[in-house]
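Student: The sequence shown begins at 379 in our numbering and counts up one residue at a time. In this text, a Cβ means the ideal position worked out from N, Cα and C, and glycines have one as well. Just so we're clear, the structure is a prediction, and the values are computed from it rather than from any experiment.
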Amino acid sequence: MTTQKALAEEFEGNRQRLLAMATRVLGSSSDAQDVVQEAWLRLVRQEPGSIENLAGWLTTAVGRLCIDVLRSRTAKGEVSYEEQFQAPVVLLDDDPEDLAVQADRVGLALLVVLRSLRPDERLAFVLHDMFAVPFTEIAAVIEKSPDAAKMMASRARRKVQGAASPAHTHREKGRVVDAFLAAARHGDFDALLEILDPDLTWELHGQNRMVSRGRKDLLRALTHGPTSDVIARRVVVNGQPGILAWSPEGTPVALMACTVNDGRVTKIASLTDRSRLDRIDLPAPVASDGMVAGPDA
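#1: For a test of the three-state rule: what should DSSP assign to R642, helix, strand or coil?
#2: Measure the C-alpha to C-alpha separation of L495 and C444 and round it to an integer number of angstroms.
#3: Which residue's Cα is closest to the Cα of A386: V403, D409, Q415, Q411?
#4: I need the boundaries of the beta strand (DSSP E) containing H583, first residue and last residue.
#5: By the 10 Å Cβ neighbour count, where 16 or more other Cβ atoms means buried, how is K551 classified, buried or exposed?
#6: Taking Cβ to Cβ, would you say E499 is nearer than 8 Å to A534?
#7: How big is the Cα-Cα spacing for D651 and H583?
#8: Determine contact between the stretch 408-427 and the stretch 526-533, defined as no fewer than three beta-carbon pairs at a distance below 8 Å.
#9: What is the DSSP secondary structure of L633, reduced to helix, strand or coil?
#10: Beta carbon of E515, beta carbon of G434: below 8 Å?
#11: So, do the stretch 609-626 and the stretch 584-600 have three or more beta carbon pairs nearer to each other than 8 Å?
#12: Quick one: what's got a C-beta closer than 7 Å to L470's C-beta in the same chain, skipping five residues either side?
#13: Here's the rule I'm using: 16 or more other beta-carbon atoms within 10 Å means buried, otherwise exposed. How should A481 be labelled?
#14: Please go through the same chain and pick out, in chain order, the residues whose beta-carbon is closer than 6 Å to the beta-carbon of R393, but skip the five residues on each side of it.
#15: So for V615, helix, strand or coil by DSSP?
#16: Using three-state DSSP, classify G628 as helix, strand or coil.
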């Protein structure tokens with residue numbers, strides 16, 4: 379690597395691998411692109427000839443940058459905009475036993491659990507189990523010993539393998555979402571107050587942005603918006619309870635991922651952008667209770 383051109387060519391040869399790795403770790407293609415670009419900027423500042431193994435150096439640089447991004451999200455209590463609805467798997471919520479089998483087949487456990495892992499655990503798991511990076515190299519990235527890196531990946535793997543919720547837990551959360559749907563259909567304000575947590579977060583994901591609102595805004599939309607023309611039913615979104623709503627013509631108008639804790643809905647993430655909904659493999663509409671889908675973000 380004696381010239382800038384040669385360095386750029388070798389970097390380009392690693393770009394797709396780095397992007398794939400960063401996207402898996404971060405759950406966001408845009409964040410991954412930013413990380414890989416930053417790795418390039420750091421690379422060109424290195425002394426010529428100072429890097430013996432460019433691929434290894436880039437893996438380390440991108441890995442550490444990913445950890446920085448994940449730690450920043452954790453500190454701010456954020457979830458990547460793309461991660462919530464990146465290639466979501468949506469299933470009709472019928473028998474929990476069957477859903478557990480389907481969830482295992484499509485890898486829903488991985489989608490759900492990765493967000494709960496510590497940044498170094500997440501990186502160690504992705505690098506080793508998805509990209510076959512040796513623990514000696516992972517250790518250099520996370521600045522731990524190879525044995526510690528192996529333990530982190532193993533711990534993350536156990537969390538992923540044990541991610542599926544028991545059937546009874548799934549049923550309990552499903553009943554909460556069903557009660558939410560029924561209360562919304564009837565405009566039952568008191569029931570909605572009981573079901574929706576006072577500190578509920580309502581995220582509206584539009585085409586290019588996310589707007590965060592609270593319970594008051596959701597209640598206003600549910601109790602003052604039209605409910606009779608919209609068909610909605612409970613579904614499973616990435617292994618968690620959710621709601622899918624269709625227009626009378628059968629066109630999907632909203633997909634909602636619900637977080638249920640202690641018998642109350644604590645968070646709803648809504649996707650209402652029609653172009654993004656069209657790109658998702660969604661179940662066909664079925665007769666169910668109507669409710670408002672919420673305004674576009």
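Tutor: Let me lay it out:
#1: strand
#2: 13 Å
#3: Q415
#4: 574-583
#5: buried
#6: yes
#7: 7 Å
#8: no
#9: strand
#10: yes
#11: no
#12: V613, P661
#13: With a pLDDT of 48 at A481, under the threshold of 50, the predicted position of this residue should be treated as unreliable, and no value is reported.
#14: none
#15: strand
#16: coil
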